[in-house]
Amino acid sequence: MKVLISADMEGATGVTWPADVLPGGPQWERCRPMFTSDVNAAIEGFFAGGADEVLVNEAHWTMRNLLLERLDDRAEMLTGRHKSLSMVEGVQHGDVDGIAFVGYHTGAGAEGVLAHTYLANSITGVWLNGVRASEGLLNAHVVAEFGVPVVLVTGDDKTVEDAKGYAPAAPGVAVKDYVSRYAAVCRTPARTAADIRAAATEAAALAVRTEPVRGGPFTVELEFDAEHLAGAATVVPGVAPTGERRVAYTTETMYEGIRCFKAVTTLVSAAVEEQYG
């Protein structure tokens, strides 16, 4: 049994503020061990539940946030940017039986601690076939095309609630309770590690590959906080305006859909100006 952990940071234990997740600052350094603790707890749980192999895919920002020197020795870590499938890189090789979303968060425009979708700001909403989409929802459709179930989700309580829509059978662990986008009632790392470890042990039984799910076509619509960002997005072939500050595109598979999404967000990020967005 091989489990892939997609590890994001906004939903990690103790994280509530932009400085907690922006690389290079003292608060980021302080939160890295708590992020690593969450991931280690999942690793420990999956091995206790019968996993033979665990690969951790670093999925936050620069994708160089986890502390490799503190990682459980039984696991391996894929770190660094510019990966074909970004947050779920590794799922496409046919040897992954289940995936865990650790440290995840809710989507742009939704309630949740540090809620966003791919870009920390600029995107005010994303919809997949008319349903507001978090990164978890988008990634769940990608991995389903490779027959890989989502078996565990950790983050704030709003993230756990969101996950019921795309992975209803997966255990969810709330490491903190939402108060505002920048505030939460947090549990200590010792408590959250115990909760994640127990949930991952249970979740290992769900790591069974299935037949690939072909759920397309998929229409992804994005809304931005400035008109020129919508214009930048339409540089990508197939992306067209759908309304004020909105664009959309349609693909037959979510593999294509997430790669187009990555192209759109890369262009939009480059079009953001420091003062006026």
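When you number the sequence shown by the working numbering, it's gap-free, plus one each residue, and the end is 301. Glycine residues also receive a C-beta, built at the ideal position from the N, C-alpha and C atoms. Values in this document were obtained by computation on a predicted structure and should not be read as measured data.
Which parts of the stretch 241-271 are runs of the beta strand (DSSP E), unbroken and 3 residues or longer, counting only runs that do not cross its ends? 242-248, 264-267
Segment limits, beta strand (DSSP E) that includes Leu-79: Here the question's residue 79 lines up with position 55 in the sequence shown. Segment 77-82, the beta strand (DSSP E) holding Leu-79.
For Val-112, which residues from the same chain have a beta carbon less than 6 Å from its beta carbon, with the 5 sequence-adjacent residues on both sides left out? On the sequence shown, position 88 is the one that residue 112 refers to. Closer than 6 Å at Cβ, skipping near neighbours: Ser-30, Asn-163, Val-166, Val-167.
Whether or not the stretch 227-247 and the stretch 275-287 are in contact is what I'm after, with contact meaning three or more pairs of Cβ atoms, one per stretch, closer than 8 Å; do they touch? yes
Using the DSSP secondary-structure output, state which residues sit across from Thr-148 in a beta bridge. Along the sequence shown, read from residue 1 onward, the residue named residue 148 stands at position 124. Bridge partners of Thr-148: none, in fact.
What are the start and end residues of each continuous beta strand (DSSP E) run of 3 or more residues lying completely inside the stretch 182-214, in chain order? 196-204, 207-210
For Arg-105, count the other beta carbons within 10 Å of its own beta carbon; 16 or more makes it buried, fewer makes it exposed. Which is it? As a first step, residue 105 is located in the sequence shown; it is residue number 81 there, counting from the start. Exposed, because fewer than 16 other Cβ atoms sit within 10 Å of the Cβ of Arg-105.
Just to confirm, is the Cβ distance from Ala-264 to Val-292 under 8 Å? In the sequence shown, residue 264 corresponds to position 240, counting from 1. In the sequence shown, residue 292 corresponds to position 268, counting from 1. Contact flag unset, no.
Report the CB separation of Gly-127 from Gly-35 in whole angstroms; it is logged as a contact under 8 Å. Indexing the sequence shown from 1 puts residue 127 at position 103. Indexing the sequence shown from 1 puts residue 35 at position 11. That belief holds up - the Cβ atoms of Gly-127 and Gly-35 are roughly 4 Å apart, short of 8 Å.
Can a CB atom of chain B be found closer than 8 Å to the CB of Thr-266? Here chain B cannot be found, since the structure has a single protein chain.
For the stretch 79-138, list the beta strand (DSSP E) runs that are entirely contained and at least 3 residues long, ordered along the chain. 100-102, 122-128
Whole angstroms is fine: what's the gap from Val-307's alpha carbon to Val-271's? Past the edges of the chain, shown from 25 to 301, lies residue 307, and the structure says nothing about it.
So, under 8 Å CB-CB, Ala-227 and Leu-161 are touching, yes? Tell me the CB distance rounded to an integer number of Å. For the purposes of this step, residue 227 is identified with residue 203 of the sequence shown, where counting begins at 1. For the purposes of this step, residue 161 is identified with residue 137 of the sequence shown, where counting begins at 1. In fact, because the Cβ distance is near 19 Å, the residues do not count as touching under 8 Å.
Can you tell me which of the three DSSP states Val-39 falls into? Taking the first residue of the sequence shown as position 1, residue 39 is located at position 15. The answer is coil: DSSP assigns Val-39 none of H, G, I, E or B.
Within its chain, find whatever has a CB closer than 6 Å to the CB of Val-120; leave out the 5 residues flanking it on each side and keep chain order. Walking along the sequence shown from the start, residue 120 turns up at place 96. For Val-120, where only same-chain residues beyond five positions count, the Cβ hits under 6 Å are Lys-26, Leu-28, Val-172.
Let me know the secondary structure DSSP gives Tyr-142 once reduced to three states. For this step, residue 142 is matched to residue 118 along the sequence shown. Coil at Tyr-142, not helix or strand.
Which residues does DSSP list as the beta-bridge partners of Ala-31? As a first step, residue 31 must be located in the sequence shown, where it is residue number 7. In DSSP, Ala-31 forms a bridge with Glu-82, Val-126.
What does DSSP give as the partner residue(s) for Thr-275 in the beta ladder? Counting from 1 along the sequence shown, the entry for residue 275 is found at position 251. According to DSSP, Thr-275 bridges with Phe-242.
Inter-stretch contact at 8 Å, needing at least 3 Cβ pairs: the stretch 56-71 / the stretch 221-237: yes
Under 8 Å, with one C-beta from each stretch per pair, do the stretch 88-99 and the stretch 70-80 reach the 3-pair mark? yes
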